[in-house]
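Chemist: Heads up, the sequence shown is in the working numbering, so the first residue is 2 and it goes up one at a time.
Pasting a structure below so you can have a look.
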Amino acid sequence: MQNAKAAQFEQEVLNSLQSMELELALRGGMNALPEQPDDTNPKRAEQQSALNEAVSLVKRRDVLERICPGLQSVAGDAQALAKWITPVLLPMAIAGTVPMSPLVFAGVAVLFFRVGVATLCKGCIPAKDKSD
């Protein structure tokens, strides 16, 4: 039963990701979602809040140390990133150290996709030996 709940949560993350990506594309980028609390569209405000929380998460060393090591092998699309990030962050969400929110997980995937793994994981992954 636990696997079914995890699979359902992952699907919610993927659905949230699709919605967030669409909204960002339609509005012109990462800074297009309004930050004003008086936004009349509650969905956009919720997405912006989740994206703000995702930004906070990718600034945390403990989160990066869990996410970054395996991301080097993940294909470079947001959906693949979300599928990889979700089971990595899920134990932290269950423990209460990160929000248990599909929108926040989707926001993390969007950030890694748009900003780049190399940029966000700088310093968390040992540099490869150049003599290889």
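All C-beta atoms in this analysis are idealised placements derived from N, C-alpha and C, irrespective of residue type, glycine included.
Closer than 8 Å is the cut-off here; do at least three beta carbon pairs connect the stretch 8-25 with the stretch 60-69?
Modeler: The answer is no - the stretch 60-69 does not touch the stretch 8-25, with fewer than three Cβ pairs under 8 Å.
Chemist: Excluding five sequence neighbours on each side, which residues of the same chain lie with their C-beta closer than 8 Å to the C-beta of L121?
Modeler: Reading the sequence shown from its first residue, position 120 is the one you call residue 121. If we look at L121 and ignore the five residues flanking it on each side, its Cβ neighbours are V59, L65, C69, L112 and F113.
Chemist: Using DSSP with H/G/I as helix, E/B as strand and the rest coil, what is N1?
Modeler: Any answer about residue 1 is impossible in this case: the structure gives the chain only from 2 up to 133.
Chemist: Quick one: Cα of V156 to Cα of W85, how far?
Modeler: Examination of residue 156 is not possible in this model, given that the chain is present from 2 through 133 alone.
Chemist: Are the beta-carbon atoms belonging to A7 and L91 less than 8 Å from one another?
Modeler: Numbered from 1 along the sequence shown, position 6 holds the residue referred to as residue 7. Numbered from 1 along the sequence shown, position 90 holds the residue referred to as residue 91. Yes, they are a contact pair.
Chemist: Could you spell out where the alpha helix (DSSP H) holding A125 opens and where it closes?
Modeler: One-based indexing of the sequence shown puts residue 125 at position 124. The sequence given here places Cys at residue 125; Ala does not occur at that position. Neither: C125 is in no alpha helix (DSSP H) and is coded neither H nor E.
Chemist: On the DSSP letters alone, give me the boundaries of the alpha helix (DSSP H) that R61 sits inside.
Modeler: Within the sequence shown, numbered from 1, the residue matching residue 61 stands at position 60. Where R61 is concerned, there is no enclosing alpha helix (DSSP H), given that its DSSP letter is neither H nor E.
Chemist: Determine the extent of the alpha helix (DSSP H) in which M93 is found, giving its start and end residues.
Modeler: For the purposes of this step, residue 93 is taken as the residue at position 92 of the sequence shown. Looking at the DSSP string, the run of the alpha helix (DSSP H) that includes M93 is A79 to A96.
Chemist: Can you check whether the CB of V89 is closer than 8 Å to the CB of A55?
Modeler: Numbered from its first residue, the sequence shown carries residue 55 at position 54. Numbered from its first residue, the sequence shown carries residue 89 at position 88. Contact: no.
Chemist: So, V105 versus Q73, is the Cβ gap smaller than 8 Å?
Modeler: The count along the sequence shown starts at 1 and reaches residue 105 at position 104. The count along the sequence shown starts at 1 and reaches residue 73 at position 72. Their beta carbons are not under 8 Å apart, which means V105 does not touch Q73 by this criterion.
Chemist: Alpha helix (DSSP H) containing P100: first to last residue?
Modeler: By 1-based counting over the sequence shown, the position of residue 100 is 99. Taken as a continuous stretch (DSSP letters only), P100 belongs to no alpha helix (DSSP H), as it is neither H nor E.
Chemist: Once you ignore the five residues that flank A51 on each side, which residues in its own chain have a CB closer than 8 Å to its CB?
Modeler: Indexing the sequence shown from 1 puts residue 51 at position 50. Excluding residues within five positions, the ones whose Cβ falls inside 8 Å are S17, M21, S102, L104, V105, A107 and G108.
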